[in-house]
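Structure first, commentary second.
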Amino acid sequence: MMEIPSTFDCLRLISSSSECSNEISPPDVFLLAYLASLLAMYDCREDDNQFDWGYAFSATPYGTPFSGVLDSAMERLLELGKIAHETSGLRLTDQGEDLLRLLSELNIGKQRRKYIEPAVTTAVILPIGEIRAALALAPERKLALAHKSTRFLATGHLGTQLAMEFNAVADALDSAQFSLLAVSVVWLSYNCQQHRVG
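Plus 905 on top of the position in the sequence shown (first one is 1) and you've got our numbering.
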């Protein structure tokens, strides 16, 4: 049985990347899904209820995000012929397109698309390598790199450092005028700039 959040995310990320003429590999699916979860946490940062993305991420010893649940969804979609792995990257099959249309009609699909779309569009604006480098500077991922260990990443609440970074972005941008895409690009660009300065 497939979990709806991870199944939808996998299909939507692959479909949206294809619409933007971007190739997407399995590691990129994890990376952009993690970015989407951070955008959701940013968007819900003033909500009293703890945010639940639906599945957890961990940072590998190399600092890259990974989700066992998302990985299982991807494997299952490959087995069922909903997605195909080609030399240019992952793509949806006709059956995958049908499943995505069905899931997109559900409330969960409509809610999650709000965060997945700006994550994918960020990869059009910024090179995927720069996104990877910037996310490697996120507080929990820096800890994983420092200790060369697998650590769980924030998926339900903002850590203190991450909350400070998000508040700084919110202060710099008028949230009424700027989209989640702008937040994503500004935050990642700032992290990359800090790395170059440091």
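Where is the CB? At the ideal position from N, CA and C, for every residue including glycine. Given the structure is predicted, the values throughout are model-derived calculations rather than measurements.
Are the CB atoms of residue i and residue j nearer to each other than 8 Å?
{"i": "LEU1105", "j": "ILE1036", "result": "One cannot answer for residue 1105 here, as it falls past the ends of the chain, which runs 906 to 1103."}
{"i": "ILE929", "j": "LEU918", "result": "yes"}
{"i": "ALA941", "j": "ILE1021", "result": "yes"}
{"i": "SER920", "j": "LEU1007", "result": "no"}
{"i": "ARG950", "j": "PHE1083", "result": "no"}
{"i": "LEU1086", "j": "PRO1023", "result": "yes"}
{"i": "TYR939", "j": "LEU1040", "result": "yes"}
{"i": "PRO931", "j": "LEU995", "result": "yes"}
{"i": "LEU1078", "j": "VAL1091", "result": "yes"}
{"i": "ASN927", "j": "ALA1028", "result": "yes"}
Can you give me the C-alpha to C-alpha distance between residue i and residue j, rounded to a whole angstrom?
{"i": "MET979", "j": "ASP948", "result": "26 Å"}
{"i": "ALA989", "j": "GLY1001", "result": "9 Å"}
{"i": "SER1009", "j": "ALA1068", "result": "30 Å"}
{"i": "LEU1031", "j": "VAL934", "result": "16 Å"}
{"i": "HIS1062", "j": "THR1026", "result": "In this predicted model, HIS1062 has a pLDDT of only 49, less than 50, meaning its place in the structure is not dependable; the value taken from the coordinates is given anyway. Going from the Cα of HIS1062 to the Cα of THR1026 covers about 24 Å."}
{"i": "ASN1096", "j": "GLY973", "result": "27 Å"}
{"i": "PRO970", "j": "LYS1019", "result": "21 Å"}
{"i": "TRP958", "j": "GLN1066", "result": "20 Å"}
{"i": "LEU1042", "j": "GLN1098", "result": "11 Å"}
{"i": "ALA1073", "j": "VAL1088", "result": "11 Å"}
{"i": "ASN1012", "j": "PHE956", "result": "16 Å"}
{"i": "ALA1075", "j": "ASP952", "result": "15 Å"}
Figure out for me which residue from the options has the closest Cα to the Cα of residue i.
{"i": "LEU975", "options": "LYS987, PHE962 and THR969", "result": "PHE962"}
{"i": "PHE913", "options": "TYR1095, GLN1016 and LEU1005", "result": "LEU1005"}
{"i": "ASP999", "options": "SER993, THR1027, CYS915 and GLY986", "result": "GLY986"}
{"i": "GLN904", "options": "VAL1091, SER922, ALA945 and ASN1096", "result": "Missing from the structure shown is residue 904; the chain here goes from 906 to 1103 and no further."}
{"i": "ARG981", "options": "MET907, ASP1003, GLU924 and ALA1075", "result": "MET907"}
{"i": "SER977", "options": "PHE956, GLU924, VAL1074 and LEU916", "result": "LEU916"}
So, is the C-beta of residue i closer than 8 Å to a C-beta in chain D?
{"i": "ALA1039", "result": "No chain D appears in this structure, which consists of one protein chain only."}
If I measure Cβ to Cβ from residue i and keep anything under 8 Å in the same chain, skipping five residues before and after, which residues do I get?
{"i": "GLY1103", "result": "Per-residue confidence for GLY1103 stands at a pLDDT of 46, beneath the threshold of 50, marking its modelled position as unreliable; no derived number is given."}
{"i": "CYS925", "result": "VAL1025, THR1026, ALA1028 and VAL1029"}
Identify every residue that forms a DSSP beta bridge with residue i.
{"i": "PRO970", "result": "ALA964"}
{"i": "GLY1034", "result": "Partner(s): none; GLY1034 has no beta bridge."}
{"i": "ARG996", "result": "ALA989"}
Between which residues of its own chain and residue i is the CB-CB distance below 7 Å, once the five residues before and five after are set aside?
{"i": "CYS983", "result": "As written in the sequence, residue 983 is Leu, which differs from the Cys given in the question. Result list for LEU983: HIS990, in chain order."}
Return yes when at least one heavy atom of the ligand ATP lies under 7 Å from the C-beta of residue i, else no.
{"i": "ALA961", "result": "By its list of ligands, the structure shown contains no ligand whatsoever, and the ligand ATP lies outside what it can speak to."}
Just to confirm my understanding: we take residue i, look at its own chain, exclude 5 residues before and 5 after, and list those with CB closer than 6 Å. What are they?
{"i": "SER922", "result": "ILE929 and VAL1025"}
{"i": "GLY1014", "result": "PHE913 and LEU1008"}
{"i": "SER993", "result": "GLU928"}
{"i": "ASP1003", "result": "none"}
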